[in-house]
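Reading through the structure tokens given below for one structure.
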Amino acid sequence: MSSTTIQTQTEPASATLKLRSSTDGKQEKDLAEYRYSHLLPVFSQDQYPPLTPFDHNDPGHRALSHPNPRSFLDNATKITELTPNLGTEVHGVNLRALGSDARDQLALEVARRGLVVFRDQQEFIDAGPDFYREWGSHFGRLHIHPTSGHPQGYPEIHLVYRDANSSFNFEIEDSITSTVWHSDVSYELQPPGLTTFFLLSQPSTGGDTLFTSQVSSLNKLSPQFVAFLKTLKAVHSGVEQANFSRSGKRGGIVRREPVEHDHPLVRKHPVTGEEALYVNRQFTRRILGLKREESETLLRFLYDHIDKGGDVQARVHWTPNTVVLWDNRVTAHSAIVDYGESKERRHGARITPQAERPIPALEGLELS
Ligand SMILES: [Fe+2]
């Protein structure tokens, strides 16, 4: 039986994935011919110091004063709202060609719609990792993930990868579902804002991504309850993710020591002013100031509320050359691992600019 090994030392990307056995010549050949083999994950042993605070100037702000902040969509051939309150799908706009002004508009549009799906983006995807970094840097300081694989020499590009022999996604094997709602790396002091993600290779069916609007999730709750939630803060932790990696299930590296930070349960978007629920099952651990049972009960209720929110969710199907952008501050998402039996490759890249420290919806709420 053949199997894939992932190197934990820095070495040429072409050597990243190796098949131990030669019994499956087809797989070996497929890998050698894979169009994006230079973007396969490596798990370097590089160590990084703690992140330091920085001032985030959101590009969406600049678009607010634009006379037509949707003019970057003027050449679109088709624009479809995926759901009334979350998600837009765009055809006919080449993201690769967007200049600074258009990128600012894009940031505002994604903030307002939560999720924007762009089809037919081969030029963007084929522009390569130097371009990915330049693209993401327009929107904020690029985050380097503490435990993920990345293309050789490009630690800012977070990769997800699964094929017939390997997976490096955060998955709970003994769970009845692969659905884990989360907002990316919410344990950081300044979690990501506008996030870009695309697949370099996708299964022929399955592997969609679920999104939910945390603005709509909040709006479903009664005003009195929301008023209470606004007074609360919760701890978000990267410890379990690091431990999962240290256990050898996710590439086996922890390049920056895990952190925990306190964030408001309800945050305010710096550009749109919209308020959003900001808890997630993957990283939120406890509510500060409440007794343990109170915290557990309240978080369980909120996670259950998010789980059941089919009426505020959207689902992205990854046709080839799709690039998706979401605002990590006002949405949550989950992978769907329903294609495992097909043994097909799913290889994705994420560009993850950090944004501001979450702004409490309740003015004056003190954060430690
Ligand atoms: Fe994610």
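Anchor point for the sequence shown: position 49 equals 41 in my numbering, and the numbering is continuous, going up by one each time.
Where is the CB? At the ideal position from N, CA and C, for every residue including glycine.
Just to confirm, are residue i and residue j a CB contact at a threshold of 8 Å?
i	j	result
residue 344	residue 187	yes
residue 283	residue 256	no
residue 269	residue 290	no
residue 142	residue 246	no
residue 367	residue 144	Nothing about residue 367 can be reported from this structure: the residues present for the chain run from -7 to 360 only.
residue 316	residue 109	yes
residue 254	residue 227	yes
residue 113	residue 87	yes
residue 102	residue 319	yes
residue 132	residue 198	no
residue 337	residue 214	no
residue 275	residue 178	yes
Name the DSSP beta bridge partners of residue i, please?
i	result
residue 268	259
residue 338	154
residue 316	109 and 189
residue 346	184
residue 352	259
residue 225	256
residue 117	Partner(s): none; residue 117 has no beta bridge.
residue 305	204
residue 134	345
Indicate, with yes or no, if ligand 1 has a heavy atom lying under 7 Å from the CB of residue i.
i	result
residue 174	yes
residue 135	no
residue 339	no
residue 325	yes
Going by beta carbon distance, what residues of the same chain come within less than 6 Å of residue i, once the five residues before and after it are set aside?
i	result
residue 231	250
residue 203	107, 306, 323 and 325
residue 71	82
residue 105	80
residue 334	195
residue 77	205 and 208
residue 191	310 and 340
residue 147	136
residue 331	195, 198 and 199
Is residue i close to chain C, meaning its C-beta is less than 8 Å from at least one C-beta of that chain?
i	result
residue 187	The structure shown contains no chain C; it holds only a single protein chain.
For residue i, I'd like the list of residues in its chain whose CB is within less than 8 Å of its CB, leaving aside the five on either flank, ordered along the chain.
i	result
residue 248	39, 40, 41, 42, 43, 136 and 138
residue 357	222, 223, 225 and 256
residue 296	none
Apart from the five residues on each side of it in sequence, which residues of its chain come closer than 7 Å, Cβ to Cβ, to residue i?
i	result
residue 58	97
residue 262	50, 348 and 351
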